[in-house]
Amino acid sequence: DDYEEGVFTVTSDVASGTLTVNTGVDTLKYTKIGQEVFIHGMVEFSAASTPSGAWHINGLPFTNTNTGSSGGEKRSWQLATVLNTSSDVDPGSPLGWVEANETRISMYLSGINAGATMNANYLDTGSMVMISGNYITES
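For the sequence shown, the positions run 6 to 144 when our numbering is used.
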């Protein structure tokens with residue numbers, strides 16, 4: 006099997022407003038074994054200007070696969086803990102997933118509002134996201 010380790014730099018985008026990643030806390034680590042990519046690290050936001058709507062963490066080192074017979078087989082779930090939010094994230098817990106053919110993590114809430122997009126208005130300067138997860142690539 007193919008084995009590779011490395012680091013990658015991320016950015017973020019939001020549906021409305023801006024959310025700037027701190028360039029001192031924008032690098033995550035990855036390990037690729039065969040077609041499975043494991044990622045982990047932390048991202049911090051250095052500036053926020055009225056962010057709202059859907060938000061993403063961009064720049065994964067490999068594109069997620071598009072194989073599988075259903076959406077669940079094409080999506081990879083990530084554990085994402087969000088700290089220093091502008092208000093309580095309730096109800097639900099933050100999580101991320103990587104859609105088929107994507108190189109970004111889309112942020113959602115699990116729990117009562119399962120599948121609901123996590124609104125970027127929870128984020129502010131100093132908010133942090135700790136990420137740990139894996140996904141499958143065709144590479």
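For glycine and all other residues, C-beta sits at the position ideal for the given N, C-alpha and C.
Residue i to residue j span [Cα, whole Å]
i: residue 138; j: residue 22; result: 28 Å
i: residue 135; j: residue 47; result: 4 Å
i: residue 33; j: residue 17; result: 13 Å
i: residue 38; j: residue 11; result: 12 Å
i: residue 115; j: residue 125; result: 15 Å
i: residue 56; j: residue 131; result: 13 Å
i: residue 129; j: residue 50; result: 7 Å
i: residue 123; j: residue 7; result: 35 Å
i: residue 25; j: residue 98; result: 22 Å
i: residue 31; j: residue 110; result: 14 Å
i: residue 121; j: residue 27; result: 26 Å
i: residue 133; j: residue 45; result: 13 Å
Residues bridged to residue i (per DSSP)
i: residue 43; result: 36, 139
i: residue 30; result: The partner list for residue 30 (beta bridge, DSSP) is empty, contrary to what the question assumes.
i: residue 114; result: 99, 121
i: residue 50; result: 26
i: residue 58; result: DSSP, once it has assigned bridges, lists no residue as partnering residue 58.
i: residue 21; result: 57
i: residue 85; result: 136
i: residue 12; result: 34
Cβ pair residue i, residue j closer than 7 Å
i: residue 41; j: residue 141; result: yes
i: residue 64; j: residue 13; result: yes
i: residue 71; j: residue 105; result: yes
i: residue 103; j: residue 62; result: no
Cβ shell of residue i (< 6 Å), same chain only, five flanking positions each side left out
i: residue 143; result: 70
i: residue 108; result: 65, 68
i: residue 100; result: 85, 113, 115
i: residue 60; result: 19, 112, 125
i: residue 43; result: 36, 139
i: residue 52; result: 25, 130
Own chain, CB closer than 7 Å to residue i, minus 5 neighbours either side, in chain order
i: residue 29; result: none
i: residue 54; result: 22, 23
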